[in-house]
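Residue numbers (my numbering): 3 to 54.
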Amino acid sequence: MILSNPQKVLWVITFSFSLIRRNMLTKRNQILYHSLVIISIIMRGDISFDLL
């Protein structure tokens with residue numbers, strides 16, 4: 003499972019960020035970017051709770 007590997011999840015998120023940043027941030031891409039940011043914050047929260 004990808005969720006059982008925090009390192010891989012964070013790598014996928016950062017990879018997505020770099021792809022989106024490379025594109026021009028159109029309205030649609032901005033919405034996608036913001037949802038990815040929110041997801042990453044939630045994931046980081048989950049991961050840090052798991053590590054604690």
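All C-beta atoms in this analysis are idealised placements derived from N, C-alpha and C, irrespective of residue type, glycine included.
Taking 8 angstroms as the cut-off, decide whether the C-beta atoms of residue i and residue j are in contact.
i	j	result
I15	L34	no
Between the C-alpha atoms of residue i and residue j, what's the straight-line distance to the nearest angstrom?
i	j	result
I40	K10	18 angstroms
S20	W13	11 angstroms
Q32	S18	13 angstroms
P8	M45	9 angstroms
With H, G and I counted as helix, E and B as strand and the rest as coil, what does DSSP make of residue i?
i	result
N7	coil
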